[in-house]
Amino acid sequence: MNSKPIVVVTGGAGFIGSHVVDLLLSEGYLVRVIDNLTGGRESNLAQHKNNSDLSCEWSDVCHLDSNTNIFSQAKYVMHFAGIGDIVPSIEKPIEYISANVQGTVRVLEAVRAAKAQKMVYAASSSCYGLASVPTSENHVISPQYPYALSKYMGEQACFHWNKVYGLPINSLRIFNAYGPRVRTTGVYGAVFGVFFKQKLAKKPFTVVGDGQQKRDFLYVTDVARAFLAALTTKKIGQIYNLGAGNPQSINRLVELLGGEVVYVPKRPGEPDCTFADITKIKKE
Numbered sequence: 001m002n003s004k005p006i007v008v009v010t011g012g013a014g015f016i017g018s019h020v021v022d023l024l025l026s027e028g029y030l031v032r033v034i035d036n037l038t039g040g041r042e043s044n045l046a047q048h049k050n051n052s053d054l055s056c057e058w059s060d061v062c063h064l065d066s067n068t069n070i071f072s073q074a075k076y077v078m079h080f081a082g083i084g085d086i087v088p089s090i091e092k093p094i095e096y097i098s099a100n101v102q103g104t105v106r107v108l109e110a111v112r113a114a115k116a117q118k119m120v121y122a123a124s125s126s127c128y129g130l131a132s133v134p135t136s137e138n139h140v141i142s143p144q145y146p147y148a149l150s151k152y153m154g155e156q157a158c159f160h161w162n163k164v165y166g167l168p169i170n171s172l173r174i175f176n177a178y179g180p181r182v183r184t185t186g187v188y189g190a191v192f193g194v195f196f197k198q199k200l201a202k203k204p205f206t207v208v209g210d211g212q213q214k215r216d217f218l219y220v221t222d223v224a225r226a227f228l229a230a231l232t233t234k235k236i237g238q239i240y241n242l243g244a245g246n247p248q249s250i251n252r253l254v255e256l257l258g259g260e261v262v263y264v265p266k267r268p269g270e271p272d273c274t275f276a277d278i279t280k281i282k283k284e
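Per this note's numbering, the sequence shown starts with residue 1, numbered consecutively.
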């Protein structure tokens, strides 16, 4: 009988999720991925195709049954599944509430049925809205668009299940992750991925607003290590900011990459600066 601990990673074929899968496999875990491949790609996990410690189910967490086999005997759960982006969430709010709130509740019920020892939720720093900086975990919550609201509602559901059912939960509020496999689609996609794709295609960089806005970027493998730490720590019921604590301007990125620029309208409710106060996560 295999004694390796089982970890379920929802959204495990996505940008951050796939890097978490890489790390978990390297650390000796058995990993089960569930992903509907809306934002994720099978190719993100291609390097593990012959690894018997990884199994994948290409389905939607919104359709989970609490008795689904994928959670059977799972010790841990990492929840990344969901949809993200500002403008599409304004245009289609119901889809975002369904995926990010109802989907999270489905996962929570599956975790409860499996009696898993801990779950870590991938939250978003967008819950802070137009925040003062540096932004601590105790900052007032003020979502400015449906995506931000839906991710915060998902986090609140997690801590409600912690309170009512005793599910051990930690949540990491991600600021701006970047690195290999980052999404490259859309004018308003993840800025690093979009810029790299435009650079390779020798097209102008699409800069949102005036480019003076600053973002707190953290490399994706550092993000993955933080999630593993949140999973294995003895602490539960905790929220942690996840950033570098060193914001950089978008214009600076363009300057480093070199190329022509096309400016597009600023997105509604977007802050001029994201800057994580990472005192808590560094201390713990």
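We put the CB at the ideal spot given by N, CA and C, even for glycine. Everything numeric in this text was worked out from a predicted model, so none of it was measured.
On the DSSP bridge assignment, give the partners of residue i in chain order.
{"i": "Ile174", "result": "Ser124, Leu242"}
{"i": "Glu57", "result": "Ile34"}
{"i": "Ile169", "result": "Met119"}
{"i": "Thr10", "result": "Ile34, His79"}
{"i": "Ser249", "result": "Lys214"}
{"i": "Ala276", "result": "Thr135"}
Over what stretch of residues does the beta strand (DSSP E) that includes residue i continue unbroken?
{"i": "Cys302", "result": "Residue 302 cannot be examined here, being either before or after the span of the chain that is shown, 1 to 284."}
{"i": "Phe195", "result": "Note, Phe195: premise wrong, no beta strand (DSSP E); alpha helix (DSSP H) at 191-200."}
{"i": "Val261", "result": "261-264"}
{"i": "Val207", "result": "205-208"}
Could you check how far apart the C-beta atoms of residue i and residue j are, in whole angstroms? I think they sit under 8 Å.
{"i": "Val120", "j": "Asn170", "result": "5 Å"}
{"i": "Val21", "j": "Leu54", "result": "7 Å"}
{"i": "Arg215", "j": "Val87", "result": "Between Val87 and Arg215 the Cβ distance is about 17 Å, and since that is not below 8 Å, they are no contact."}
{"i": "Leu172", "j": "Leu242", "result": "5 Å"}
{"i": "Ile250", "j": "Gly211", "result": "5 Å"}
How would you write the range of the alpha helix (DSSP H) that residue i sits in, first residue to last?
{"i": "Ala224", "result": "220-232"}
{"i": "Leu25", "result": "15-26"}
Could you tell me whether any non-hydrogen atom of the ligand SAH is closer than 7 Å to the CB of residue i?
{"i": "Phe275", "result": "Absence of the ligand SAH is noted for the structure shown, with no ligands found whatsoever."}
Let me see if you follow: with CB-CB separation under 8 Å, is residue i close to chain B or not?
{"i": "Val191", "result": "This model lacks chain B altogether; it includes just one protein chain."}
Does the count of Cβ pairs from the segment 6-20 and the segment 66-81 closer than 8 Å reach three? yes
Which parts of the segment 73-145 are runs of the beta strand (DSSP E), unbroken and 3 residues or longer, counting only runs that do not cross its ends? 76-79, 118-124
Decide yes or no for the touch test of the segment 161-175 against the segment 111-119: beta carbon pairs closer than 8 Å, at least 3 of them. yes
Counting Cβ pairs closer than 8 Å, one from the segment 28-41 and one from the segment 197-211, do we hit at least three? no
Using a Cβ distance threshold of 8 Å, determine whether the segment 68-76 contacts the segment 92-105, with at least three qualifying pairs required. no
Touching by the beta-carbon criterion (3+ pairs, under 8 Å), the segment 245-258 and the segment 143-153: no
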